[in-house]
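Notes follow once the structure below has been shown.
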Amino acid sequence: MPRRSLFLKVFGTASFTIVAVLYVALIVAVFRNDDKPLTTLAPKGVNAQTIQNLVAPVFGVAGVIFVAVFGAVLYIAWRFRDRDDDTPMPSQVHGNSVLEVGWTALPALILAAIAVFTVITIIKLEQRSDDALAVRVYGQQWWWSYQYDIDGDGSYDGQGDITTANELVIPAGREVSLTISSHDVIHSFWIPALNGKKDAVPGMDSYWKIEADQPGVYMGQCTEFCGLSHANMRMVVRAVEPAQFDDWVANQQRPARSPEPGSLAAAGEAQFGNLCAQCHVVNGKFEKAKETPPPLLSGVAPDLTHLMTRGTFAGSIFNLYYPQQPGAPVPTPGDPTDVSTPGDPGDALFGGTSAYPVNRVTLEAWLRNPPAMKPAAATQQRGMPNLGLSEQQIDELVAYLETLK
531 MPRRSLFLKV FGTASFTIVA VLYVALIVAV FRNDDKPLTT LAPKGVNAQT IQNLVAPVFG
591 VAGVIFVAVF GAVLYIAWRF RDRDDDTPMP SQVHGNSVLE VGWTALPALI LAAIAVFTVI
651 TIIKLEQRSD DALAVRVYGQ QWWWSYQYDI DGDGSYDGQG DITTANELVI PAGREVSLTI
711 SSHDVIHSFW IPALNGKKDA VPGMDSYWKI EADQPGVYMG QCTEFCGLSH ANMRMVVRAV
771 EPAQFDDWVA NQQRPARSPE PGSLAAAGEA QFGNLCAQCH VVNGKFEKAK ETPPPLLSGV
831 APDLTHLMTR GTFAGSIFNL YYPQQPGAPV PTPGDPTDVS TPGDPGDALF GGTSAYPVNR
891 VTLEAWLRNP PAMKPAAATQ QRGMPNLGLS EQQIDELVAY LETLK
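Quick note: the sequence shown uses the numbering used here, first residue 531, plus one each step.
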């Protein structure tokens, strides 16, 4: 074999090999899900898996095309480079009907196949289960409100229905049907491990669904720019066993407990009534904010009736409890400032006691100066203002908040 031909074959093979290796390395880096709580490539529910079943083959086809095209470009660029000699022009393929029809028809067929499977996937994601748990979701600047239709009557404010904030608790293995809207600007609801994203638009209902295969904690993020604290508008989904979900519902339906008379918490309850109850609801105690429907701005703050059953607060950007240390063989609290691991309420989720301490330092700092911790436009009723609390008032309020289980 002539030396030149051998060189070209070696160079061509090397080009394709290098491109293929680089592509495989890129795919491995993308699909590695360690320490990536918001990855879309680690489905944990049937809907996210439906999307993955479409994405993975498309990635594969795109990879083959990428390697073939890029490798061919490298080979052609070297093989037919200008050598400044008398080498004749390569033979031209213009007018070759077979080639022209082929490189037009093949991409069209590939795109048509992708389009068909994309439509099938969209149809699957829009189908609803008859026994789905119905939840109404409202986006607000900058947190999420959840209303559960527990009795299944199509209303979200009936006897036994539940309202909570930021953390969505669902039963594992059961479809949850979401009706998503907004009280102010456009937001976007996204729990990547459980499904794709759906916009929350003022005055319009959008329908979506999620389902978790196994109990676990799944994080999300508002993905539509919605103001100063858009990046601080997170969400957490806690999937629990069906029996545990029933326990959670039963506890959420109870009114708030009364603090011991004369205690620090009782003083905090009085402070709450004077300072916080104009915006926040505590069922059985402070329900003034429920008397009028929320306006199209964030004038209604999160329902705090069972605040301490949640692991996070303030749009899920701060941990209310210390998080469980990942991989710890025994319950070991982690770093409370590491919000990539949400705080663990443990049995407090069902009205009991958490194995992990309350993150009092962050909670007190929040009461001391909320705008310093989460940018807001408090003068426009968006976000919690600085109430100028004294340290005594903060101690009393924290003591009261800790009773809201």
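By construction, the Cβ of each residue, glycine as well, lies at the ideal position given by its N, Cα and C atoms.
For residue j and residue i, the rounded distance between their alpha carbons
i	j	result
A730	R912	17 Å
P832	A807	11 Å
V649	N583	13 Å
P905	S759	6 Å
G684	S659	15 Å
G876	Y886	8 Å
Q670	W633	50 Å
V667	A598	46 Å
D777	E771	10 Å
P518	P915	This structure cannot settle anything about residue 518, because the visible part of the chain is limited to 531 through 935.
P745	W608	55 Å
Y748	R611	53 Å
P856	P567	13 Å
G864	K574	24 Å
K727	T753	8 Å
A635	T651	24 Å
S675	G757	17 Å
A742	P701	8 Å
S712	Q751	15 Å
E664	R704	Residue identity check: residue 664 is Ala in the sequence provided, not Glu. Using only the alpha carbons, I get a separation of about 11 Å.
K739	V888	32 Å
A761	A643	37 Å
I680	I692	7 Å
S884	Q854	11 Å
Assumed close pair residue i, residue j - CB separation to whole angstroms, cut-off 8 Å
i	j	result
G873	L850	5 Å
S846	V766	5 Å
C809	V830	7 Å
R898	V928	The Cβ separation is near 11 Å, so there is no contact.
Residues near residue i in its chain [Cβ-Cβ closer than 6 Å; skip 5 each side]
i	result
F848	T892
T835	A786, V812, N813
F802	Y930
G950	Not covered by the structure: residue 950. The range shown for the chain is 531 to 935.
K815	A786
A769	I700, A702, A742, P745, G746
E501	In the structure displayed, the chain extends from 531 to 935; residue 501 sits before or after that span and is not available.
L641	none
Short Cβ contact (9 Å threshold) for residue i with residue j
i	j	result
G918	Q783	no
A773	A578	no
L708	Y737	yes
A878	M838	yes
D735	I710	yes
L805	Q922	no
Own chain, CB closer than 7 Å to residue i, minus 5 neighbours either side, in chain order
i	result
V631	none
F647	L584
A895	M903
T933	R787, P789, A795
V706	A662, L663, V665, I700, K739, I740, E741
T842	N696, E697, V766, F848, N849, L850, P872, G873
W673	A695, N696, M763, P832, G845
Assigned exposure category for residue i - 16 Cβ within 10 Å defines buried
i	result
I653	exposed
I595	exposed
S621	exposed
V591	exposed
V699	buried
P825	Residue placement at P825 cannot be trusted, given a pLDDT of 48 that sits under 50; what the coordinates show is reported in the next sentence. Exposed, because fewer than 16 other Cβ atoms sit within 10 Å of the Cβ of P825.
F719	buried
A844	buried
F775	buried
Residue i beta carbon near the ligand COA (any heavy atom closer than 8 Å)
i	result
T634	The ligand COA is absent from the structure shown, which contains no ligands of any kind.
Same chain, Cβ closer than 8 Å to residue i, neighbours up to 5 away in sequence not counted
i	result
T867	N849, T892
V628	none
N781	H836, T839, F880, G881, K935
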